[in-house]
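Residue numbers (this note's numbering): 12 to 317.
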């Protein structure tokens with residue numbers, strides 16, 4: 012049985028102003044959190060990016076920030092539809108998933124695709140967001156959604172972005188046997204065990220607010236309204252492309268791409284906006300740019316990309 016220290020409220024600092032407050036610019040946003048495997052409730056404030064958030068949670072519960080694999084919103088379960096990404100609803104409840112048991116699995120690449128969709132936690136850890144049914148990985152029971160990818164063979168991938176890790180896995184030659192070192196999240200006993208892909212048991216009584224705190228690429232935060240249906244459809248279309256072409260899924264990246272397309276009327280202007288932003292590091296091909304622009308225009312027209 013684990014013993015948990017009573018958390019303390021962290022000191023307000025760099026967090027965004029709560030503009031719904033007294034108007035003096037000093038009121039700060041405060042979020043409730045727990046450790047996913049069970050703990051007292053902590054109050055977290057004074058952060059302006061995901062790394063700072065992890066630091067505040069770790070300070071609250073007196074463990075190193077490197078112990079946090081990822082956070083989910085409004086559920087303690089390893090539910091990849093509820094991952095904390097680039098924004099948090101102002102009424103969302105944060106659950107921190109900590110490192111659990113490490114494991115090493117030897118895999119022979121018998122097909123071009125391993126069947127993994129990878130995302131990252133914004134603080135240097137990549138992990139498995141989805142496993143394609145019937146794929147190589149799906150046939151290995153020891154590999155689960157939520158597992159952190161720590162090493163490929165003897166090479167550490169800590170600190171690499173998810174698209175880099177996906178590229179490394181994609182470039183493994185067909186027929187080669189390699190070793191994945193994974194770290195699974197701590198699970199809260201039998202109550203958290205579900206079949207892959209199960210969405211049952213979600214808690215819906217936590218977050219209900221429309222406004223969200225957005226972490227921007229420049230390190231600042233912004234309170235914004237919940238995305239409209241056009242934007243939601245656009246993010247869905249863009250993420251589908253990211254998954255198909257790159258093996259990654261990232262709502263914050265999709266949001267940046269969507270925002271780069273704002274006010275643009277053709278793919279050339281969109282490409283210029285991508286190239287002049289920090290999205291240029293992804294080195295999207297011309298074909299990918301055209302596909303992304305198609306995803307945006309489909310969403311604007313109310314269509315789901317095929």
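Think of the CB as a built atom: it goes at the ideal place given N, C-alpha and C, for glycine as much as any other residue.
What residues are listed by DSSP as bridge partners for residue i?
i: residue 54; result: 43
i: residue 131; result: 137
i: residue 193; result: 114, 160
i: residue 223; result: 100, 235
i: residue 81; result: 108
i: residue 119; result: 188
i: residue 259; result: 129
i: residue 301; result: Looking at the DSSP assignment, residue 301 forms no beta bridge with any residue, so it has no partner.
How about residue i and residue j: are their beta carbons less than 9 Å apart?
i: residue 116; j: residue 68; result: no
i: residue 162; j: residue 168; result: yes
i: residue 252; j: residue 316; result: yes
i: residue 198; j: residue 135; result: no
i: residue 152; j: residue 190; result: no
i: residue 149; j: residue 142; result: yes
i: residue 300; j: residue 282; result: yes
i: residue 128; j: residue 254; result: yes
i: residue 310; j: residue 247; result: yes
i: residue 89; j: residue 226; result: no
i: residue 304; j: residue 287; result: no
i: residue 146; j: residue 182; result: no
i: residue 244; j: residue 171; result: no
i: residue 59; j: residue 308; result: no
Among the options, which has the Cα closest to the Cα of residue i?
i: residue 154; options: 140, 245, 164; result: 140
i: residue 320; options: 240, 41, 132; result: Because residue 320 is not part of the residues shown, which for the chain are 12 to 317, the question remains open.
i: residue 258; options: 87, 147, 125, 113; result: 125
i: residue 54; options: 47, 62, 72; result: 72
i: residue 48; options: 290, 195, 246; result: 195
i: residue 270; options: 145, 306, 77; result: 306
i: residue 173; options: 192, 260, 90; result: 260
i: residue 193; options: 113, 280, 236, 64; result: 113
i: residue 64; options: 98, 87, 86, 51; result: 98
i: residue 293; options: 239, 39, 234, 178; result: 178
i: residue 103; options: 272, 273, 40; result: 40
i: residue 239; options: 233, 291, 222; result: 222
i: residue 43; options: 78, 77, 86; result: 86
Reducing DSSP to helix, strand and coil, say where residue i ends up.
i: residue 76; result: helix
i: residue 124; result: coil
i: residue 98; result: strand
i: residue 108; result: strand
i: residue 295; result: coil
i: residue 233; result: strand
i: residue 309; result: helix
i: residue 249; result: helix
i: residue 166; result: strand
i: residue 211; result: Because residue 211 carries a pLDDT of 40, less than 50, the predicted location of this residue cannot be relied on, and the following value inherits that uncertainty. If DSSP states are grouped into helix, strand and coil, residue 211 belongs with coil.
i: residue 142; result: strand
i: residue 289; result: helix
i: residue 149; result: helix
i: residue 173; result: helix
i: residue 178; result: helix
i: residue 90; result: coil
i: residue 273; result: coil
i: residue 320; result: Outside the displayed range of the chain (12 to 317) lies residue 320, so it cannot be described from this structure.
i: residue 49; result: coil
i: residue 154; result: coil
i: residue 324; result: A question about residue 324 goes unanswered here, because the residues of the chain that appear run from 12 up to 317.
i: residue 199; result: coil
i: residue 59; result: coil
i: residue 316; result: coil
Kindly give me the distance between the Cβ atoms of residue i and residue j, rounded to whole angstroms, as I take these residues to be in contact under 8 Å.
i: residue 100; j: residue 84; result: 7 Å
i: residue 74; j: residue 94; result: About 21 Å separates the two Cβ atoms, so there is no contact after all.
i: residue 249; j: residue 265; result: 4 Å
i: residue 262; j: residue 96; result: 4 Å
i: residue 120; j: residue 185; result: 6 Å
i: residue 234; j: residue 188; result: Actually they do not touch by this definition, with Cβ atoms about 50 Å apart.
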